Amino acid sequence: MKTAITELFGIQHPIIQGGMHYVGFAELAAAVSNAGGLGLITGLTQKTPELLAKEIARCRDMTDKPFGVNLTFLPSFTAPPYPEYIAAIREGGVRIVETAGRSPEQYMPALKAAGIKVIHKCTSVRHSLKAEKIGCDAVSVDGFECGGHPGEDDIPNMILLPRAADELNIPFVASGGMADARSLVASLAMGAAGMNMGTRFVATKEAPVHDNVKRALVEATELDTRLVMRTLRNTERVLKNKGVDQLLEIEREKGASLKIQDIHEQVAGVYPKVMIDGEMDAGAWSCGMVVGLINDIPTVKELVDRIMTEAEQIIRQRLTGFLDGVVAKAPARAVA
Ligand SMILES: Cc1cc2nc3c(=O)[nH]c(=O)nc-3n(C[C@H](O)[C@H](O)[C@H](O)COP(=O)(O)O)c2cc1C
340 MKTAITELFG IQHPIIQGGM HYVGFAELAA AVSNAGGLGL ITGLTQKTPE LLAKEIARCR
400 DMTDKPFGVN LTFLPSFTAP PYPEYIAAIR EGGVRIVETA GRSPEQYMPA LKAAGIKVIH
460 KCTSVRHSLK AEKIGCDAVS VDGFECGGHP GEDDIPNMIL LPRAADELNI PFVASGGMAD
520 ARSLVASLAM GAAGMNMGTR FVATKEAPVH DNVKRALVEA TELDTRLVMR TLRNTERVLK
580 NKGVDQLLEI EREKGASLKI QDIHEQVAGV YPKVMIDGEM DAGAWSCGMV VGLINDIPTV
640 KELVDRIMTE AEQIIRQRLT GFLDGVVAKA PARAVA
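Mapping the sequence shown onto the numbering used here, position 44 (from 1) lands on 383, and the numbers just tick up by one.
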C-alpha cells in the first residue's frame, strides 16, 4: 500500500509506532521498522543525550530500515537539554523525529537544518494547523480515545480526523484507538494517510516490558481506562489500578485545589516500576481505550502483516462488494 506517509518516510506500510516512555527502546523500534512500519525510539526515556546516542546505535545494529526518535516537550521546571538530544539524533543519522507535547517551533530550525522530517503529534485541528505553519512535514492526529495525553478538547477520532482532513494540506496519520485493519481502513476513509499505534504495540512479543503488562492489556476491556490530572490541565488516559484509584480519590478530595505534589507518589517514577518490575498497581501509566481490542500477544511482524492483509481484504472484498451489490452478512470481525 502506498500513501503520502509511506512515501514521506520511505517505509513499506503506513503504520507508525508512537513514542512510549519505557517501552520505545531499540528492540521495539527495530521490530516495527523491520516489519515495514516506522519504529520510534522514545528520546527522553534515555536519561542523557549520550545514552540516546547509544540507543540509536543499538537500533541501527538491529535494522537497516528507517526508524525515528520521539521527542516529547514537557512542561517542566528543569527542561531536558533538547539541543543536545537533537544533536544526538542528527549525529546518529536519524532523519525522522516525532515531536509531541508542546509546539516544537523553537527547535524546528535545528531539526530542518539536519534534514530531519518532523511529524508532530497533537490533539486538535488548531495545533495541527500550527504544526503545518511552522514547517512540520506531517502530523499525527491524536483523538480523545488515545493512551497518554488526549489534551483538553475531548474530540474523538470520528470527528477529529475528518475535521483535520478538511483543514490540513500536509499528510496526517490517525492516532488513538488504532488496533487492527479496520482501524487502518477507517482512518484512510476519513482522510488520514496511515495510522499511529501506541497501546497495541505494547502487547507484542518484542516490546521490552514485563509480561505482567502484556497480560494486563489482554485482560483489560475498553471500560478499564481512567482520565487523571484533569484539573491540572495535564489530562492523561491511564489503565485503572490500585495506584490510580488512590490518585482519583486524592483528586476528589482536593478538587480544584489539587497540586501536582499531592499526587507525586502515584505519578512520579511509575514507569520503571510497571514496565521493568511488573508492579501493576504502582500508579498512573498511559493506556488507550483500544485496550478493549487487544486479545493476543503476537510478534510485531505478525501484527503488521495481519493488519495489511486484512486491510486489503476489507477494501477489495467488503467495501467494493457493497458497490457491486454483494451484501456482507456478518460485521467485519478481527481475526484475533
Ligand atoms: C505506555 C505508553 C507510554 C507513552 N509515552 C509517550 C511518550 O513518552 N511520548 C509521547 O509523545 N507519547 C507517548 N504515548 C502516546 C503514544 O505515542 C500514542 O500517541 C498513543 O498511545 C496513541 O493512542 P493508542 O494508545 O490508543 O494507540 C504513550 C502511550 C503509551 C501507551
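Glycine included, each C-beta is placed from N, C-alpha and C at the ideal position. What you are looking at is a predicted structure, and each value in this text was computed from that prediction instead of being measured.
Item: Supposed close pair K627, E484 - CB separation, criterion 8 Å; Value: Here residue 627 turns out to be Gly, not Lys, going by the sequence shown. Confirmed, Cβ separation roughly 6 Å.
Item: Short Cβ contact (8 Å threshold) for T342 with A532; Value: yes
Item: Ligand 1 heavy atom lying under 7 Å from the CB of N508; Value: no
Item: Test item: CB-CB of V433 and A546 under 8 Å; Value: no
Item: Three-state secondary structure (DSSP) of Q385; Value: coil
Item: Closer than 7 Å: K460 CB and nearest ligand 1 heavy atom; Value: yes
Item: Contained alpha helix (DSSP H) runs [length at least 4] in the segment 479-534, N- to C-terminal order; Value: 496-506 and 520-528
Item: Identity of the residue in M447, R441, S463 and E592 nearest K456 by Cα; Value: M447
Item: Beta-carbon proximity of V552 to N535, cut-off 8 Å; Value: no
Item: Contact belief for V567 with L587 at Cβ below 8 Å, rounded distance in angstroms; Value: 7 Å
Item: Opposing strand residues paired with L379 [DSSP bridges]; Value: G407
Item: Own chain partners of G617 with C-beta closer than 6 Å, once the 5 adjacent residues on each side are dropped; Value: H549 and N551
Item: Nearest residue (CA-CA) to T381, options F364, S372, V371 and G375; Value: F364
Item: Contact set for I599: own chain, Cβ-Cβ below 7 Å, skip 5 residues either direction; Value: L571
Item: Selected residue, minimal CA-CA separation from S479, among D519, L377 and K393; Value: L377
Item: Beta-carbon contacts of V613 that lie in its chain and below 7 Å, excluding the five residues immediately before and after; Value: V552, M619, A621 and W624
Item: Where G631 sits in the DSSP three-state scheme; Value: helix
Item: Burial state of P611 (16 or more Cβ within 10 Å); Value: exposed
Item: Local conformation of G440 per DSSP, three classes; Value: strand
Item: C-beta atoms of G407 and E437 nearer than 8 Å; Value: yes
Item: Best match in E346, I354 and F661 for proximity to D519 [C-alpha to C-alpha]; Value: I354
Item: Nearest to K460 (by Cα), restricted to the options L410, G375 and R569; Value: L410
Item: Three-state secondary structure assigned by DSSP to R539; Value: helix
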